[in-house]
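Asker:
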Amino acid sequence: MENLEAAFPFLFLVFFVLFWIFVLGLLSRLSGWSTLADHYKSDQSLNGSKRRLQSMSMGSSSFMNVGYGNIVTLEVNADYLALSLMFLFQPGHHRIVIPLDELTAEPHKIFFILKGVRFSTVKAPAIKITTTRSWAKWIEEKTNGRWSVQSKLNFFPAH
């Protein structure tokens, strides 16, 4: 019994790490991150502009999405958009590098009030990345208009 008590902290740590990896892998599957990674996984360095501590939700339905709050890093250059997570949240979430010509956007209301954007890709159109409008504006700005929300759709027309 004494040996078990002495080993408890170690066993708890091992169990916690394995459980953490399992949960992150499950979230990757539920959100569709793993599906995007099947098509766009890359360790390629973009040497582009970065925006850290961003939030988004991802999923294949508008009801059951997985939220990634303040753990997403965006990187963009003239040709690609990369998505990655903070170190502690990376198990099951490979870095994704999406060619900008395969990235589409559509307007989306967040909580019926906020103007948001729902991104999708050519190779996995069912997976939607939902975030605030500032992402789309930032991508457009950092690509010097090469990727433009206006070129993808009539984005939030004035009423």
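In this note's numbering, the protein residues as written are 567 to 725.
Glycine included, every Cβ here is placed at the ideal spot set by N, Cα and C.
None of the values given here were measured: they were computed from a predicted structure.
Do you know how far the Cα of Asp609 is from the Cα of Arg684?
Answerer: As a first step, residue 684 must be located in the sequence shown, where it is residue number 118. As a first step, residue 609 must be located in the sequence shown, where it is residue number 43. Rounded to the nearest angstrom, the two C-alpha atoms are 25 Å apart.
Asker: Is Lys809 helix, strand or coil when you go by DSSP?
Answerer: Lying before the first or after the last residue shown, residue 809 is absent from the chain, which here runs from 567 to 725.
Asker: Do Gly682 and Lys675 count as a contact pair if the criterion is CB distance below 8 Å?
Answerer: On the sequence shown, position 109 is the one that residue 675 refers to. On the sequence shown, position 116 is the one that residue 682 refers to. Yes, the pair counts as a contact, with Cβ atoms nearer than the cut-off.
Asker: Skipping 5 residues on each side, what residues in its chain have a beta carbon closer than 6 Å to that of Thr698?
Answerer: Here residue 698 is taken as the residue at index 132 of the sequence shown, counted from 1. Cβ within range, chain order: Gly682.
Asker: Here's the rule: buried if 16 or more other CB atoms are within 10 angstroms of the residue's CB, otherwise exposed. What is Val580?
Answerer: Indexing the sequence shown from 1 puts residue 580 at position 14. So Val580 counts as exposed.
Asker: Please report the straight-line C-alpha distance between Glu706 and Asp667, rounded to a whole angstrom.
Answerer: For the purposes of this step, residue 706 is taken as residue 140 along the sequence shown, with counting starting at 1. For the purposes of this step, residue 667 is taken as residue 101 along the sequence shown, with counting starting at 1. Approximately 13 Å, taken between the alpha carbons.
Asker: In chain order, what residues of the same chain lie with their CB nearer than 8 Å to the CB of Ala572, ignoring the 5 residues before and after it?
Answerer: Taking the first residue of the sequence shown as position 1, residue 572 is located at position 6. Closer than 8 Å at Cβ, skipping near neighbours: no residue.
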